[in-house]
Structures are given as structure tokens and as C-alpha cells.
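In my numbering, the protein residues as written are 29 to 172.
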């Protein structure tokens, strides 16, 4: 198991951060990491997500939504080819700090046989993707 964790403070309410984070139709405009999300935002639904890792080809995967708590948390879990090979549970947690300030914790828990082989890439390339998305989310949310 490996966990990748990033966070950023945003000068906006938790609900405003949530609104930007879950406005999937606007992702192509502002999100450099998760370029597209198709599907319904409800527990059990299957999403189609296109990622763009820094300096790499884009990739598409189809995770299942695990948790939707408006203003608080969004989770989905996907896998590469078959379960147990390379699985990821992607988590967005929004922590209210005040009425007009929130912290986004953006993390993923990776499990599976290939995780040890991918650890270095996760620490560098994937982390940069998370951080780029966090900054872009901050800019988008604070600017609207």
C-alpha cells in the first residue's frame, strides 16, 4: 500500500470549493490533471475519467463512486486491467477552516502488485499532477 497526500488552503467556503470540484463540465477549462469526467455523481455510479499526467500521455479509467458528502468529501475507486494489480482510491476531503476559508486534502491510496514498481513515479509524476490540480482549483474557486 502507498498513500499519496497533498493539501492546499483556499480562500472560499467549503461549499464553494465543493461546487467547483464537482462542476465536472468545467474541468477541461481549468483542470490540468483531471481533464474530463463523465457520469453521475452518486454512490455506486461508474465514472469515465481522463487524466493527464505531467509529461505523459493521457489515460482513461472507469472508477466507481464510493462516497459523496456535499461540501465535505468525494471518493472513487478504480483499478488497472484487473483488481489487485494496481488499484487506487482517490479522495477529496474539504475541511472548513472558517466561513470563507477551507482546506482541500487531495489524496489517493494505492494497493496492488504493481504499486512497489510504480512508487517512484507516484511520488514524482502523479504528485505533480495532484499539486497542479490543487493550485488550479484554488485559482478557479477564489476567482469566481
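For each residue, glycine too, the CB sits at the ideal point set by N, CA and C.
Would you please state the rounded distance, in angstroms, between the beta carbons of residue 30 and residue 108? I believe it to be under 8 angstroms. Their Cβ separation, rounded to whole angstroms, is 14 angstroms, which puts residue 30 and residue 108 out of contact at 8 angstroms.
For residue 91, count neighbouring C-beta atoms within 10 Å of its own C-beta (all shown protein chains included) and say buried if the count is 16 or more, exposed if not. buried
According to DSSP, residue 104 sits in a beta bridge with which residue or residues? 93 and 118
Three Cβ pairs or more, each shorter than 8 angstroms: is that satisfied between the stretch 145-152 and the stretch 122-132? no
Report the option in 170, 63, 73 and 141 whose CA atom is closest to the CA atom of residue 158. It is 63.
Reference residue 153; option with closest CA among 52, 53, 79 and 48: By alpha-carbon distance to residue 153, the top candidate from 52, 53, 79 and 48 is 79.
If we call anything under 8 angstroms between Cβ atoms a contact, is residue 95 one with residue 103? yes
Is residue 48 buried or exposed, if buried means 16 or more other CB atoms sit within 10 Å of its CB? Buried: at least 16 other Cβ atoms inside 10 Å.
Closest to residue 73 by CA distance: which of 106, 81, 33 and 88 is it? When only C-alpha atoms are compared, the closest one is 106.
Can you give me the Cβ contacts of residue 101 inside the same chain, cut-off strictly under 8 angstroms, excluding the 5 residues immediately before and after it? Cβ neighbours of residue 101 beyond the five flanking positions: 95, 119, 120, 121 and 122.
Own chain residues within Cβ distance below 6 angstroms of residue 186, not counting five before or after: As shown, the chain starts at 29 and ends at 172. That puts residue 186 outside it, with no answer to give.
Residue 61 vs residue 77 beta-carbon contact at 8 angstroms: no
Give a yes or no on whether the C-beta atoms belonging to residue 70 and residue 93 are separated by under 8 angstroms. Yes, Cβ-Cβ distance for residue 70 and residue 93 is below 8 angstroms.
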